[in-house]
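Down below is the structure, laid out as structure tokens.
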Amino acid sequence: MKSKKEILVYAHYFLPSKNAGGPPKSLANLIDGMKNQLKFKIMCCDHEFKAPSDKFTNISLGEWTKYGGRKVIYLPDTWVSMIKLIREGFDSSSDIIYFNSFFDVRYTILPILLLGLFSTKKIILAPRGEFSKSALDIKWRKKNIYLRLFKSLKLQTRIVWQASSLKEKFDLERYWGSCINLSVLPIFPDPELPTLSLMTHKVSGAIRLVYLARIAKIKNLLNLLGSLKLIKDSKVELDIFGPIEDSDYWKSCELEINSLPSNIKVIYRGEIEKENVINTISSYDFYVLMTKGENFGHTIYEALSASVPILISDQTPWRRLQEKNAGWDLSLEDPNKINSAIETAIKLNSVELRKMKKGAYQLASDYVHDSKRNEIALDLFRS
0 MKSKKEILVY
10 AHYFLPSKNA
20 GGPPKSLANL
30 IDGMKNQLKF
40 KIMCCDHEFK
50 APSDKFTNIS
60 LGEWTKYGGR
70 KVIYLPDTWV
80 SMIKLIREGF
90 DSSSDIIYFN
100 SFFDVRYTIL
110 PILLLGLFST
120 KKIILAPRGE
130 FSKSALDIKW
140 RKKNIYLRLF
150 KSLKLQTRIV
160 WQASSLKEKF
170 DLERYWGSCI
180 NLSVLPIFPD
190 PELPTLSLMT
200 HKVSGAIRLV
210 YLARIAKIKN
220 LLNLLGSLKL
230 IKDSKVELDI
240 FGPIEDSDYW
250 KSCELEINSL
260 PSNIKVIYRG
270 EIEKENVINT
280 ISSYDFYVLM
290 TKGENFGHTI
300 YEALSASVPI
310 LISDQTPWRR
320 LQEKNAGWDL
330 SLEDPNKINS
340 AIETAIKLNS
350 VELRKMKKGA
360 YQLASDYVHD
370 SKRNEIALDL
380 FRS
């Protein structure tokens, strides 16, 4: 008799991927957070995000191995691997099948259509924000074909849906209806919280901002640049970090950057290693992200944990920031409020900013010490 339930995870991208955004981090933190109660094994690709030729190095590929104490198999994008993925779902001793995406062709669509119809194993699916309105609009026609097939097979009632927030629960029920089996499991954060840092040299009338995210339409960098363009006289510095996922979108951003007034200085500083994120963010006054939709926002959490207040859109789970003295969550429908919040942040002096840094850190601390997360996870994975 097995001492722990075994979960077979399908995830196109997993660590050590640096460019695949939040889902690999969310999955790794879940596995690490539940390793004493559950046994996981992960099937994923053997290369970096959208770069099949950029193979992972210093890792055994094509066979079961260990990465950071987690059991993983890294597979090439071949039909042989596709067959292996599906066969593992039917043949393995795993109790539960777990999908870390909804619209991934190789690591969800093909396996779940077969396993959902012909396997009796419990299936859990975490769509990772893919049902937000902004995410669904991307390549909607292709997605709609799959969604209609999924509905026609009634697979939405065959599986257990895992939302990571009440916002995502609303998104899922808006599309599928309230009859689906759904559990809200908050994202597991990095377990170690940095030390509170109140160091700042901010003066009223100037501000240093940091953007750390993929450069893609959904992250809405153009909106932020447009807001900065309206700021007169005050000195603003914005440093941009992150991989350029959409080169055409970045060209539009560059045009906007080149048209900014001389008091606004914007520099693209390239990508950043994960181990340097906290130290880098902590040197700025505010983290900024006018995203069109975040399922969690790992860099938002990292900014808060680095004692850095945030200026973000209201399309994330991080809400009511102003009353928590941790920043602002702003409607993208109201550019004037975005501009007003930035102007207010600019006027802060070092004493006022320290109060917000305390609020930001407290918000991260409250989240990381939420004791209910493990209980909810155990309920989710209980057959």
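Residue numbers for the sequence shown follow numbering that gives the first Met the number 0, beginning at 0 and rising by one. Just so you know, even glycine gets a beta-carbon here, dropped at the ideal spot from N, CA and C. For clarity, every value in this text was computed on a predicted model and none was experimentally measured.
Exposure of residue i, with buried meaning 16 or more beta-carbon neighbours within 10 Å
{"i": "G88", "result": "buried"}
{"i": "F240", "result": "buried"}
{"i": "R67", "result": "Note that residue 67 is Gly in the sequence shown, not Arg. Under this definition G67 is an exposed residue."}
{"i": "L377", "result": "exposed"}
{"i": "R319", "result": "exposed"}
{"i": "G128", "result": "buried"}
{"i": "E332", "result": "exposed"}
{"i": "I345", "result": "buried"}
{"i": "S428", "result": "With the chain represented from 0 up to 382, any question about residue 428 goes unanswered, as that position is not in the structure."}
{"i": "W78", "result": "exposed"}
{"i": "S92", "result": "exposed"}
{"i": "C252", "result": "buried"}
{"i": "F169", "result": "exposed"}
{"i": "E274", "result": "exposed"}
{"i": "N294", "result": "buried"}
{"i": "A50", "result": "exposed"}
{"i": "R372", "result": "buried"}
{"i": "D103", "result": "buried"}
{"i": "T64", "result": "exposed"}
{"i": "W317", "result": "buried"}
{"i": "D76", "result": "exposed"}
{"i": "S312", "result": "buried"}
Beta-bridge pairing of residue i - partner residues as DSSP gives them
{"i": "Q161", "result": "S182"}
{"i": "D328", "result": "I311"}
{"i": "H11", "result": "Answer by DSSP bridge pairing: none, since H11 is not bridged."}
{"i": "V413", "result": "Absent from the model: residue 413. The displayed extent of the chain is 0 to 382, so no value can be given."}
{"i": "K216", "result": "Paired residues: none, contrary to the question."}
{"i": "I41", "result": "V8, V71"}
{"i": "F240", "result": "L211"}
{"i": "F98", "result": "Y9, L124"}
8 Å Cβ shell around residue i - same chain, five flanking residues per side excluded
{"i": "L227", "result": "V235, L237, L259, I263, V265, I341"}
{"i": "L114", "result": "I85, G88, F89, I96, K120, I122"}
{"i": "K354", "result": "N324"}
{"i": "K3", "result": "Q36, L37, K38"}
Reduced DSSP category for residue i - H, G, I as helix; E, B as strand; rest coil
{"i": "T64", "result": "strand"}
{"i": "F130", "result": "coil"}
{"i": "S151", "result": "helix"}
{"i": "G20", "result": "coil"}
{"i": "P334", "result": "helix"}
{"i": "E272", "result": "coil"}
{"i": "S251", "result": "helix"}
{"i": "L197", "result": "coil"}
{"i": "A50", "result": "strand"}
{"i": "M289", "result": "coil"}
{"i": "F117", "result": "helix"}
{"i": "Y283", "result": "coil"}
{"i": "L347", "result": "coil"}
{"i": "W82", "result": "Before going further, note that residue 82 is Ile rather than Trp in the sequence given. I82 falls in the helix class under three-state DSSP."}
{"i": "F55", "result": "coil"}
{"i": "F380", "result": "helix"}
{"i": "L124", "result": "strand"}
{"i": "S177", "result": "coil"}
{"i": "N35", "result": "coil"}
{"i": "Q321", "result": "coil"}
{"i": "P190", "result": "coil"}
{"i": "N294", "result": "coil"}
{"i": "I341", "result": "helix"}
{"i": "A359", "result": "helix"}
{"i": "T156", "result": "helix"}
{"i": "D369", "result": "coil"}
{"i": "I230", "result": "coil"}
Contacting residues, own chain, Cβ-Cβ under 6 Å from residue i (five flanking each side not counted)
{"i": "Y174", "result": "F130"}
{"i": "E62", "result": "none"}
{"i": "I30", "result": "F39, R69"}
{"i": "P23", "result": "Y12, F13, L14, S16"}
Any chain E beta carbon closer than 8 Å to residue i
{"i": "R140", "result": "Within the model displayed, chain E is absent; a lone protein chain is all it includes."}
Cβ distance (whole Å) where residue i is taken to contact residue j below 8 Å
{"i": "S80", "j": "S196", "result": "45 Å between Cβ atoms; not a contact."}
{"i": "G292", "j": "I309", "result": "Not confirmed; about 16 Å, so no contact."}
{"i": "S163", "j": "I186", "result": "5 Å"}
{"i": "N338", "j": "M289", "result": "N338 to M289, Cβ: 11 Å. No contact."}
{"i": "L152", "j": "L116", "result": "7 Å"}
{"i": "P188", "j": "V367", "result": "5 Å"}
{"i": "F48", "j": "A19", "result": "4 Å"}
{"i": "P193", "j": "A305", "result": "6 Å"}
{"i": "I6", "j": "F380", "result": "7 Å"}
Beta-carbon proximity list for residue i, same chain, < 7 Å, skipping 5 on both sides
{"i": "Y267", "result": "I239"}
{"i": "Y248", "result": "I214, A215, K216"}
{"i": "L347", "result": "K201, S203"}
{"i": "L135", "result": "K142"}
{"i": "I256", "result": "L224, V265"}
{"i": "N99", "result": "V8, Y9, A10, P22, L26, A125, R127"}
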